[in-house]
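Enquirer: Protein chains in written order, with our numbering: chain E, 24 to 131; chain H, 2 to 269. Yeah, the Cβ is synthetic: ideal placement off N, Cα and C, and Gly gets one too. If you scroll down you'll find the structure; I have some questions about it.
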């Protein structure tokens with residue numbers, strides 16, 4: 024019996040037929056983004072504090088790719104949690120109105 | 002098959018969008034009050050905005066037989082100044098009796114700050130006092146999970162509001178279960194980059210079912226698509242979902258939640 028509320032109506036081969044090309048392209052986009060990042064010159068002000076002096080957003084993306092390779096269900100949920108601020112208390116004051124996609128290093 | 006887009010910011014869209022939505026089967030929309038992309042310089046700016054939502058937009062939608070409804074509040078992005086926010090909140094009661102106003106929204110949190118939380122709780126108090134339906138915005142991206150937890154905690158701690166009269170919007174893979182397990186209604190917003198794609202929304206429906214769940218476009222002035230609800234229906238059909246499931250998620254569920262207000266109608 025499925026652990027989910029509604030069984031995916033498509034079979035495995037139908038899922039591949041429907042979505043493989045789209046996600047092959049998305050994977051190449053990620054690879055090309057990381058290549059582009061590696062080729063780009065360093066910022067004048069230096070790097071922005073992540074793993075190995077890397078931009079914290081790129082460091083978070085590389086770690087998310089490791090989650091992607093792990094077995095087990097709900098990879099999307101696990102990557103969403105990895106990209107989330109896991110602190111629990113409200114912050115003193117909103118520093119900006121937008122969002123960056125991953126929490127600042129101080130809240131990881 | 003008709004559909005309802007229960008969250009779309011038509012003040013930011015063109016009349017062409019109304020025409021295309023009508024052609025795609027849209028019969029009713031609801032428009033929460035939100036951030037204009039800049040901070041208003043005075044509460045009078047909100048007075049004019051509330052008039053736009055209750056006078057001008059219903060007439061523009063009616064040209065295409067789309068029934069327009071709205072929600073009123075000061076959005077969390079402009080709630081960092083509590084004095085300003087409270088001034089805006091004093092304007093709300095005089096508009097609540099207007100024929101297309103369904104309740105208070107979209108209130109909630111943006112960066113999960115203390116002032117945002119204070120103003121959110123005061124909106125909850127207003128809704129409770131005036132017996133209004135509530136539509137809640139959850140924060141973007143990295144702030145969403147924490148904000149959703151703070152929002153649910155604040156509702157439970159400070160009010161005896163019925164979760165069946167509250168819709169918590171913009172849920173994704175990591176917040177849908179949290180919202181549904183606490184008895185609230187949940188909305189999935191279909192955005193190309195920063196929220197759910199139609200494919201992922203269909204995945205979430207498969208994981209958690211159709212009970213108390215809807216889809217919306219939240220189309221606004223940013224990168225968004227006012228036709229994303231019919232596009233998600235096409236995605237579900239392509240994958241093999243039944244017409245009944247598709248109708249439940251895109252028409253019957255919003256109809257059920259929104260009909261808790263006697264002002265809601267699908268008749269243009």
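Answer yes or no: does any C-beta atom of chain E fall closer than 8 Å to that of residue 189 of chain H?
Expert: Walking along the second chain from the start, residue 189 of chain H turns up at place 188. No, no contact with chain E.
Enquirer: So does the segment 48-68 of chain H actually touch the segment 107-121 of chain H, counting three or more Cβ pairs closer than 8 Å?
Expert: Cβ pair count under 8 Å is below three, so no.
Enquirer: Starting from the beta carbon of residue 76 of chain E, find every residue of chain H whose beta carbon is closer than 7 Å, and list them in chain order.
Expert: Within the first chain, numbered from 1, the residue matching residue 76 of chain E stands at position 53. In chain order: nothing, as chain H lies at least about 21 Å away.
Enquirer: For the segment 119-195 of chain H, which segments carrying the beta strand (DSSP E) assignment without a break, of at least 3 residues, lie completely within its bounds, in sequence order?
Expert: Entirely contained in the segment 119-195 of chain H, the beta strand (DSSP E) runs reaching 3 residues are, in chain order, 134-138, 167-169, 186-190.
Enquirer: Does the distance from the CB of residue 126 of chain E to the CB of residue 114 of chain H come in under 8 Å?
Expert: The count along the first chain starts at 1 and reaches residue 126 of chain E at position 103. The count along the second chain starts at 1 and reaches residue 114 of chain H at position 113. Cβ distance not < 8 Å, so residue 126 of chain E and residue 114 of chain H don't count as in contact.
Enquirer: Could you tell me which uninterrupted alpha helix (DSSP H) segments, each at least 4 residues in length, are contained entirely in the segment 29-80 of chain H, listed from first to last along the chain?
Expert: You should have 44-52, 58-63.
Enquirer: Following the continuous alpha helix (DSSP H) through residue 217 of chain H, name the residue where it begins and the one where it ends.
Expert: By one-based count along the second chain, residue 217 of chain H stands at place 216. Careful: residue 217 of chain H lies outside any alpha helix (DSSP H), inside the beta strand (DSSP E) at 214-217.
Enquirer: From what residue to what residue does the alpha helix (DSSP H) around residue 13 of chain E run?
Expert: In the structure as shown, chain E begins at 24 and stops at 131. Residue 13 of chain E is therefore absent and cannot be evaluated.
Enquirer: To the nearest angstrom, how far is it from the Cα of residue 266 of chain H to the Cα of residue 128 of chain E?
Expert: Counting from 1 along the second chain, the entry for residue 266 of chain H is found at position 265. Counting from 1 along the first chain, the entry for residue 128 of chain E is found at position 105. Whole-angstrom Cα-Cα distance: 48 Å.
Enquirer: So, at 7 Å on beta carbons, what are the nonlocal neighbours of residue 53 of chain H in its own chain, with the 5 sequence-adjacent residues on each side left out?
Expert: Indexing the second chain from 1 puts residue 53 of chain H at position 52. The residues are 12.
Enquirer: Classify residue 251 of chain H as helix, strand or coil using the three-state DSSP reduction.
Expert: Along the second chain, one-based indexing puts residue 251 of chain H at 250. Residue state, collapsed to three classes: helix.
Enquirer: Taking C-beta pairs closer than 8 Å, name the residues in chain E that residue 201 of chain H reaches, listed in chain order.
Expert: Sequence index remark: in the second chain, residue 201 of chain H carries index 200 (1-based). Correct list: 99.
Enquirer: Please check if any C-beta of chain E sits within less than 8 Å of the C-beta of residue 196 of chain H.
Expert: Residue numbering aside, residue 196 of chain H sits at position 195 when the second chain is read from its first letter. So, not an interface residue.
Enquirer: Could you pull the DSSP bridge partners for residue 4 of chain H from this structure?
Expert: In the second chain, counting from the first residue as 1, residue 4 of chain H sits at position 3. Paired residue(s): H:27.
Enquirer: Who pairs with residue 106 of chain H in a beta bridge, going by DSSP?
Expert: Walking along the second chain from the start, residue 106 of chain H turns up at place 105. DSSP output for residue 106 of chain H lists H:136 as bridge partner(s).
Enquirer: Classify residue 39 of chain H as buried or exposed, calling it buried when 16 or more other Cβ atoms lie within 10 Å of its own Cβ.
Expert: What you label residue 39 of chain H is simply residue 38 of the second chain in a count that begins at 1. So residue 39 of chain H ends up on the exposed side.
Enquirer: Taking DSSP's pairing of strands, which residues face residue 114 of chain H in a bridge?
Expert: Start at 1 with the first residue of the second chain, and residue 114 of chain H comes out as number 113. According to DSSP, which records beta bridges pairwise, residue 114 of chain H is partnered with E:114.
Enquirer: Quick one: give me the first and last residue of the alpha helix (DSSP H) that residue 105 of chain E is part of.
Expert: Along the first chain, one-based indexing puts residue 105 of chain E at 82. Residues 98-105.
Enquirer: For residue 79 of chain E, go through chain H and note every residue whose CB falls closer than 9 Å to its CB, in chain order.
Expert: Residue mapping note: residue 79 of chain E aligns to position 56 of the first chain, counting from 1. Those do not exist, as residue 79 of chain E stays about 11 Å from chain H at its closest Cβ, beyond 9 Å.
Enquirer: Provide the residue(s) that pair with residue 197 of chain H in DSSP beta bridges, ordered along the chain.
Expert: Position 196 of the second chain, counting from 1, holds the residue named residue 197 of chain H. Residue 197 of chain H is bridged to H:191.
Enquirer: Consult DSSP for residue 265 of chain H and reduce its assignment to one of helix, strand or coil.
Expert: Walking along the second chain from the start, residue 265 of chain H turns up at place 264. In this structure, residue 265 of chain H counts as coil in the three-state DSSP scheme.
Enquirer: With a cut-off of 8 Å, does the C-beta of residue 128 of chain E fall near any C-beta of chain H?
Expert: By 1-based counting over the first chain, the position of residue 128 of chain E is 105. Not one chain H Cβ lies under 8 Å of residue 128 of chain E.
Enquirer: Looking at chain H, is there any beta carbon in it that lies within less than 8 Å of the beta carbon of residue 107 of chain E?
Expert: The residue you call residue 107 of chain E lines up with position 84 of the first chain. It does: the Cβ of residue 107 of chain E has a partner Cβ on chain H nearer than 8 Å.
Enquirer: Have a look at residue 105 of chain E and residue 87 of chain E and give me their C-alpha separation to the nearest angstrom.
Expert: For the purposes of this step, residue 105 of chain E is identified with residue 82 of the first chain, where counting begins at 1. For the purposes of this step, residue 87 of chain E is identified with residue 64 of the first chain, where counting begins at 1. Approximately 7 Å between the Cα atoms of the pair.
Enquirer: Does any C-beta atom of chain E lie closer than 8 Å to the C-beta of residue 208 of chain H?
Expert: Within the second chain, numbered from 1, the residue matching residue 208 of chain H stands at position 207. Cβ-Cβ to chain E under 8 Å: yes for residue 208 of chain H.
Enquirer: Would you report the Cα separation of residue 121 of chain E and residue 140 of chain H, rounded to the nearest angstrom?
Expert: Here the question's residue 121 of chain E lines up with position 98 in the first chain. Here the question's residue 140 of chain H lines up with position 139 in the second chain. Taking the straight line from one Cα to the other gives about 10 Å.
Enquirer: Are the Cβ atoms of residue 9 of chain H and residue 220 of chain H separated by less than 8 Å?
Expert: Numbered from its first residue, the second chain carries residue 9 of chain H at position 8. Numbered from its first residue, the second chain carries residue 220 of chain H at position 219. A contact, by the Cβ cut-off of 8 Å.
Enquirer: Taking the beta carbon of residue 161 of chain H as the centre, do at least 16 other beta carbons fall within 10 Å, making it buried, or is it exposed?
Expert: Here residue 161 of chain H refers to the residue found at position 160 when the second chain is read from its first residue. Exposed: under 16 other Cβ atoms inside 10 Å.
Enquirer: To the nearest angstrom, how far is the alpha carbon of residue 34 of chain E from that of residue 245 of chain H?
Expert: One-based indexing of the first chain puts residue 34 of chain E at position 11. One-based indexing of the second chain puts residue 245 of chain H at position 244. If I take the Cα positions, the gap works out to 20 Å.
Enquirer: So, for residue 83 of chain E: in the same chain, excluding its five sequence neighbours on each side, which residues have a beta-carbon less than 6 Å away from its beta-carbon?
Expert: Position 60 of the first chain, counted from the start, is the residue given in the question as residue 83 of chain E. These residues qualify, in order along the chain: 125.
Enquirer: State the DSSP-derived secondary structure class of residue 27 of chain E, mapped to helix, strand or coil.
Expert: Residue mapping note: residue 27 of chain E aligns to position 4 of the first chain, counting from 1. Coil.
Enquirer: With a 10 Å radius around its C-beta and 16 neighbouring C-beta atoms as the bar for buried, classify residue 51 of chain E as buried or exposed.
Expert: Here residue 51 of chain E is taken as the residue at index 28 of the first chain, counted from 1. With fewer than 16 other Cβ atoms within 10 Å, it is exposed.
Enquirer: Among H:30, H:198, H:249, whose alpha-carbon lies nearest the alpha-carbon of residue 264 of chain H?
Expert: In the second chain, the residue the question calls residue 264 of chain H occupies position 263. Residue 264 of chain H has its Cα closest to that of H:30, out of H:30, H:198, H:249.
Enquirer: What residues of chain H sit near residue 93 of chain E, judged by a beta carbon separation below 8 Å?
Expert: In the first chain, the residue the question calls residue 93 of chain E occupies position 70. Chain H residues near residue 93 of chain E: none, gap ~16 Å exceeds 8 Å.
Enquirer: Please tell me whether residue 183 of chain H has its Cβ less than 8 Å away from any Cβ of chain E.
Expert: Along the second chain, read from residue 1 onward, the residue named residue 183 of chain H stands at position 182. No, residue 183 of chain H lies away from the interface with chain E (no Cβ there is under 8 Å from its Cβ).
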